[in-house]
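In this note's numbering, the protein residues as written are 255 to 1050.
Structure, as structure tokens:
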């Protein structure tokens, strides 16, 4: 078409082509200026009604006058050729810039703020883009962003169904380009302003990291990821991404439209604030979801805690990690590499060395736990694999890990020799092996050799950072104390052997009070004694004291930190729990369990939006760890059953998963489906839902009354506020509304704020019309307010 004339525009040169047609440079013969002229593909406007609608849209676009939006001059038709005349922009597309990798953060913030400003202008005039992507964004040589093709994607010609193996930038029958489409668009729902914000988040992600958040090659898998998987945190892809920018990006990419920015203006404000306060070390997310930044100089451990993300996206604390870690920053990965250490085999005849089978495996797991990017299964999960002929692949799949460390040892003649192997579970191949020799009476020397070999061999082979902090952690100094410690950690977690372990560890720390893992093990054992045996309040007190002692000696003990946070929470110290959990995430942003623990505390405070974000981060780091399972509750409270079920499936088949799994269809009114879950739980289990089953089966009233009384009596001694809250839903289903209200107050008394019962949790909808419910709502609100006031005081 070069040198042809359409209307009063003479076509000079072709500039490009795409799904919406061919773009030419043209000369406006009336106004003596160059313009961009887009010729739509034949048949795009196949009938007069479509052409009329397109003209209406073009007119709306022509009314947009904003520096960050390409100006539309007119739409016309000549000789059955439909064309759109627009402002000619000199520069390059953002897609072209991204071919060289991620952009500097100052450019990401500047371009992103301009992009948001353009979207805000369009949205205020009722125009939704529907197909925002780097190819539709131009950047001029002076750094001015121009957004192209507003609202035109839905007119694109689609003569056949898309090839699901085709390019990921192929446009689907829905309006949009798949990698940039919001989940609701894939569900076939109409795109609105929040769909554009999701696409803007994808563009921001790509600018910050150089890649899209979801990169599956097959379109069906890509769509599934967009619908169901959390995006890898940007700083896990590019560690230079700051905490505040990551917080903004992930808020844009929330699966639920109502959890994203509700306007492009909000997004623009936060991006400009981050650009202005780029030296800030702390991010807080307000209750409205806006990012607030406050600069605060670090000075000690408590201030390092303050530098964490307050209640949101703590994985992004990598940005402040450099300031607080003597070893420098740790680099996180999109997902941690999973590994488990199985009990070793004793090839000798002497049973007196059998304790080393478990103890040395536990020590290796501890060494690996210091390595960034590794998710290490705790020894409590691996002890059952002590059989001599254990199938490594079966064990690995059951533990949901990609790698197994296993081996054997032989103690004889005053020496001990250990052989270690690292095995790729799915490939069933040895990735690394080594042998360690030491004197049989030198357990400390053996541990030092093992730690060095594991750091240099296993961690490095799995692509994790060689753990400098592990090398500098507290070391055992007293041989007798260390041997007592090894004997203790080899004992199983059952009431009687647990008390034996406590006795051994008390002796150990008395002989060597400077060895942090011994204090951590002692605190953990006391916690078990308090929770599952006869330890009582004194055991809870010792739990907190001993775990605190361990952390004072070695702040990198993640299990001690998360254990202390959980103990604080279960003993009514919600703000102390938050402080410890936040500190754990700050120190170890690569730890899924640290993020999970923070989500757990936030769930108790009824800060559910913050809680689910931490759950999503934990899941992104380790989507196979069953310990993340109770994140399901936060999604249940928010009435997001699909995401809740993903966490329930982490522990599929257990009594817990059947109890939680039944809650999800129950809140949806799917009684038969809920019953199928509940009936799998043994009647004598502490999780047994006999009351709810009786009500579902419409058993006689006297039987239901008897079960209610029995259930209430059993619940009287429970101190877990969340357990009280969730099981109270059974009473609501059974019509016992006054009893349910009483129990909801008990949940608050046990520091579970439970505001969602009055807002989003559908199981409690029938209570909200009761006059007595107002008092509960006030108490729940006060519970959360008390937490927030103290949290703000800790920050400032």
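Glycine residues also receive a C-beta, built at the ideal position from the N, C-alpha and C atoms.
| query | To which residues of the same chain is residue 1008 closer than 7 Å at the C-beta, ignoring the five residues directly before and after it? | reply | Residue mapping note: residue 1008 aligns to position 754 of the chain shown, counting from 1. Counting only Cβ-Cβ distances below 7 Å, and skipping sequence neighbours, we find 860, 979, 998, 1001, 1002, 1034.
| said: Please identify the residue among 987, 1004, 952 whose C-alpha is closest to the C-alpha of residue 972. | reply: Position 718 of the chain shown holds residue 972. The candidate whose alpha carbon is nearest that of residue 972 is 1004.
| Environment of residue 824 [buried if 16+ CB atoms lie within 10 Å] | Against the chain shown, residue 824 aligns to sequence position 570. Its Cβ being crowded by 16 or more others within 10 Å, residue 824 is buried.
| query | Starting from residue 638 and walking both ways along the alpha helix (DSSP H), at which residues does that stretch end? | reply | Counting from one through the chain shown, the residue named residue 638 turns up at place 384. Per DSSP, residue 638 belongs to no alpha helix (DSSP H) and is neither H nor E.
| said: Mapping the DSSP letters down to three states, classify residue 769 as helix, strand or coil. | reply: Against the chain shown, residue 769 aligns to sequence position 515. Reduced to three states, the DSSP call for residue 769 is coil.
| request: For residue 556, I'd like the list of residues in its chain whose CB is within less than 7 Å of its CB, leaving aside the five on either flank, ordered along the chain. | output: Residue mapping note: residue 556 aligns to position 302 of the chain shown, counting from 1. Because the pLDDT at residue 556 is just 34, under 50, the model does not fix this residue reliably, and the point stays unresolved.
| field | Reference residue 232, options 459, 451, 260, 611, closest by Cα | value | A question about residue 232 goes unanswered here, because the residues of the chain that appear run from 255 up to 1050.
| Exposed unless 16 or more other CB atoms sit within 10 angstroms - verdict on residue 1047 | Translated into the one-based positions of the chain shown, residue 1047 becomes position 793. With fewer than 16 other Cβ atoms within 10 Å, it is exposed.
| said: Helix, strand or coil for residue 1011? Go by DSSP, reduced to three states. | reply: Against the chain shown, residue 1011 aligns to sequence position 757. Helix, per DSSP.
| said: Please list the terminal residues of the continuous alpha helix (DSSP H) segment that includes residue 459. | reply: On the chain shown, residue 459 is found 205 positions in, with the first residue counted as 1. Taken as a continuous stretch (DSSP letters only), the alpha helix (DSSP H) holding residue 459 covers 447-463.
| said: On a Cα-Cα basis, can you pick out the residue from 731, 776, 713 that is closest to residue 742? | reply: Residue mapping note: residue 742 aligns to position 488 of the chain shown, counting from 1. Comparing Cα-Cα distances from residue 742 to each of 731, 776, 713, the minimum goes to 776.
| Proximity to residue 934 [Cα-Cα], best of 912, 1045, 373, 284 | On the chain shown, position 680 is the one that residue 934 refers to. The residue with the shortest Cα to Cα distance from residue 934 is 912.
| Whole-number beta carbon distance between residue 375 and residue 318, since they are thought to touch under 8 Å | Position 64 of the chain shown, counted from the start, is the residue given in the question as residue 318. Position 121 of the chain shown, counted from the start, is the residue given in the question as residue 375. Confirmed, about 6 Å.
| field | Proximity to residue 1029 [Cα-Cα], best of 1041, 435, 598, 992 | value | The residue you call residue 1029 lines up with position 775 of the chain shown. Of the listed residues, the one whose Cα sits closest to residue 1029 is 992.
| query | How would you call residue 1023, buried or exposed, if buried means at least 16 neighbouring beta carbons within 10 angstroms? | reply | The residue you call residue 1023 lines up with position 769 of the chain shown. Its Cβ having fewer than 16 others within 10 Å, residue 1023 is exposed.
| request: Below 8 Å on the Cβ atoms is my guess for residue 488 versus residue 463; work out the distance and round it to an integer in Å. | output: As a working mapping, residue 488 is identified with position 234 in the chain shown. As a working mapping, residue 463 is identified with position 209 in the chain shown. The Cβ separation is near 5 Å, so the contact holds.
| message | For residue 749, which residues in the same chain have their Cβ closer than 7 Å to its Cβ, ignoring the five residues on either side in sequence? | response | On the chain shown, position 495 is the one that residue 749 refers to. Closer than 7 Å at the Cβ level, and outside the excluded window around residue 749, lie 786, 787.
| message | Can you tell me which residues form a DSSP beta bridge with residue 857? | response | The count along the chain shown starts at 1 and reaches residue 857 at position 603. Among the bridge pairs identified by DSSP, residue 857 is matched with none.
| field | Where residue 322 falls: helix, strand or coil (DSSP) | value | By one-based count along the chain shown, residue 322 stands at place 68. Coil.
| query | Between residue 324 and residue 316, which are expected to be in contact by the criterion C-beta below 8 Å, what is the C-beta distance as a whole number of angstroms? | reply | As a position in the chain shown, residue 324 is number 70, starting the count at 1. As a position in the chain shown, residue 316 is number 62, starting the count at 1. Not confirmed; about 11 Å, so no contact.
| So, residue 665 versus residue 607, is the Cβ gap smaller than 7 Å? | Position 411 of the chain shown, counted from the first residue, corresponds to residue 665. Position 353 of the chain shown, counted from the first residue, corresponds to residue 607. Yes, the Cβ-Cβ distance between residue 665 and residue 607 is below 7 Å.
| field | residue 689 beta carbon less than 7 Å from that of residue 673 | value | The residue labelled residue 673 in the question sits at position 419 within the chain shown. The residue labelled residue 689 in the question sits at position 435 within the chain shown. Closer than 7 Å, so yes.
| Quick one: what does DSSP say residue 255 is sitting in, helix, strand or coil? | As a first step, residue 255 must be located in the chain shown, where it is residue number 1. Reduced to three states, the DSSP call for residue 255 is coil.
| message | Would residue 925 and residue 950 be called neighbours here (beta carbons separated by less than 7 Å)? | response | In the chain shown, the residue the question calls residue 925 occupies position 671. In the chain shown, the residue the question calls residue 950 occupies position 696. The answer is yes: Cβ separation under 7 Å.
| Bounding residues of the alpha helix (DSSP H) (the contiguous stretch that carries residue 1051) | Residue 1051 falls outside the range modelled here, since the chain spans only 255 to 1050, and no answer is possible.
| Strand pairing of residue 673, partner residues [DSSP] | Position 419 of the chain shown holds residue 673. Answer by DSSP bridge pairing, in chain order: 662, 689.
| query | Below 8 Å, can you find three or more Cβ-Cβ pairs linking the region 460-480 to the region 349-364? | reply | yes
| query | Is it the case that the Cβ atoms of residue 386 and residue 286 are separated by a distance below 7 Å? | reply | The sequence position of residue 386 within the chain shown is 132, counting from 1. The sequence position of residue 286 within the chain shown is 32, counting from 1. Result no, Cβ atoms of residue 386 and residue 286 do not sit closer than 7 Å.
| residue 865 burial status per 10 Å Cβ neighbour count (16 or more: buried) | Within the chain shown, the letter at position 611 stands for residue 865. Buried, by the Cβ-count rule.
| Exposed or buried, residue 616, counting other C-beta atoms within 10 Å across all chains shown (16 or more means buried)? | Working through the chain shown from its first residue, we reach residue 616 at position 362. That one is buried.
| So what's residue 827 in DSSP terms, helix, strand or just coil? | Here the question's residue 827 lines up with position 573 in the chain shown. Coil.
| query | Does the ligand FAD have even one heavy atom less than 6 Å from the beta-carbon of residue 666? | reply | Looking for the ligand FAD in the displayed structure turns up nothing, as the structure carries no ligands at all.
| request: Look at residue 438 and residue 377 and say whether their C-beta atoms are less than 7 Å apart. | output: The count along the chain shown starts at 1 and reaches residue 438 at position 184. The count along the chain shown starts at 1 and reaches residue 377 at position 123. Cβ atoms of residue 438 and residue 377: not closer than 7 Å.
| request: On the DSSP bridge assignment, give the partners of residue 271 in chain order. | output: Reading the chain shown from its first residue, position 17 is the one you call residue 271. Answer is 276, bridged to residue 271.
| message | Residues in the same chain with beta-carbon distance under 6 Å from residue 740, minus the five sequence neighbours each way, listed in chain order, please. | response | Along the chain shown, read from residue 1 onward, the residue named residue 740 stands at position 486. Cβ contact annotation for residue 740 (same chain, cutoff 6 Å, sequence separation greater than five): 613, in chain order.
| field | Boundaries of the beta strand (DSSP E) in which residue 400 is found, first to last residue | value | Residue mapping note: residue 400 aligns to position 146 of the chain shown, counting from 1. Looking at the DSSP string, the run of the beta strand (DSSP E) that includes residue 400 is 399-401.
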